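Counting in my numbering, the sequence shown runs from 10 upward without gaps.
The next block holds one structure in the form of structure tokens; read it before the comments.
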Amino acid sequence: MEFAKNMYELHKKVSPNELILGWYATGHDITEHSVLIHQYYSQEAPSPTHLTVDTSLQNGRMSIKAYVSTLMGVPGRTVGVMFTPLTVKYAYYDTERIEVDLIMKTCFSPNRVIGLSSDSQQFGDFETMLNSNISDLLMVTYLANLTQSQITLNEKLVNL
Numbered sequence: 010m011e012f013a014k015n016m017y018e019l020h021k022k023v024s025p026n027e028l029i030l031g032w033y034a035t036g037h038d039i040t041e042h043s044v045l046i047h048q049y050y051s052q053e054a055p056s057p058t059h060l061t062v063d064t065s066l067q068n069g070r071m072s073i074k075a076y077v078s079t080l081m082g083v084p085g086r087t088v089g090v091m092f093t094p095l096t097v098k099y100a101y102y103d104t105e106r107i108e109v110d111l112i113m114k115t116c117f118s119p120n121r122v123i124g125l126s127s128d129s130q131q132f133g134d135f136e137t138m139l140n141s142n143i144s145d146l147l148m149v150t151y152l153a154n155l156t157q158s159q160i161t162l163n164e165k166l167v168n169l
């Protein structure tokens, strides 16, 4: 907890108006360490949010869960903390979603490697075709200018 405290003190020096809203941990569920860490953040924020990010993809997807804590026990004597789940709504850019989908495809690949996505391959094919068409257009323009110059030169020679 000393590290988190030091980092927060340093962060307050740089950004004094920012507040702690909560904290996150990687894993698919709350552990016994979550309670200890959450107690620290409860001192720094009035009602900290705890996020869990399942980076192991246990259910075949990267689930993100959010929790707030509620004290439980008999009146006057708190026995423990209960984490209450919150509804999580995902907000992301299309490009982020495409990349996360691409990364998740490797979970089901036996060697954890996948080829280029069809969109990437199509983009590469389109770029090759476009470059080829630009080369063709430049050649046609050059030949048209060369022909125009020869016609002009021919007209001058005929009129002599």
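Ideal placement from N, C-alpha and C gives every residue a C-beta, glycine not left out.
Note that the coordinates shown come from a computational prediction; the quantities given were computed from them, not determined experimentally.
Note the first and the last residue of the continuous alpha helix (DSSP H) segment covering residue i.
| i | result |
| --- | --- |
| residue 44 | 41-53 |
| residue 109 | 103-114 |
| residue 16 | 11-23 |
Looking at the structure shown, is residue i part of a helix, part of a strand, or coil, going by DSSP?
| i | result |
| --- | --- |
| residue 33 | strand |
| residue 91 | strand |
| residue 145 | helix |
| residue 27 | coil |
| residue 137 | helix |
| residue 56 | coil |
| residue 66 | coil |
| residue 170 | It is not possible to answer for residue 170, since the shown part of the chain is limited to 10 through 169. |
| residue 151 | helix |
| residue 128 | helix |
How would you label residue i, buried or exposed, when you count the other beta carbons within 10 angstroms and need 16 or more for buried?
| i | result |
| --- | --- |
| residue 50 | buried |
| residue 161 | exposed |
| residue 119 | exposed |
| residue 61 | buried |
| residue 25 | exposed |
| residue 55 | exposed |
| residue 59 | buried |
Who does residue i pair with in a DSSP beta bridge?
| i | result |
| --- | --- |
| residue 74 | 61 |
| residue 81 | 89 |
(request) Determine, using beta-carbon pairs with one atom in the segment 21-40 and one in the segment 56-70, whether at least three such pairs fall under 8 Å. (result) Touching, per the Cβ criterion.
(request) Would you check if there are 3 or more beta carbon pairs closer than 8 Å linking the segment 90-98 to the segment 68-80? (result) Touching, yes.
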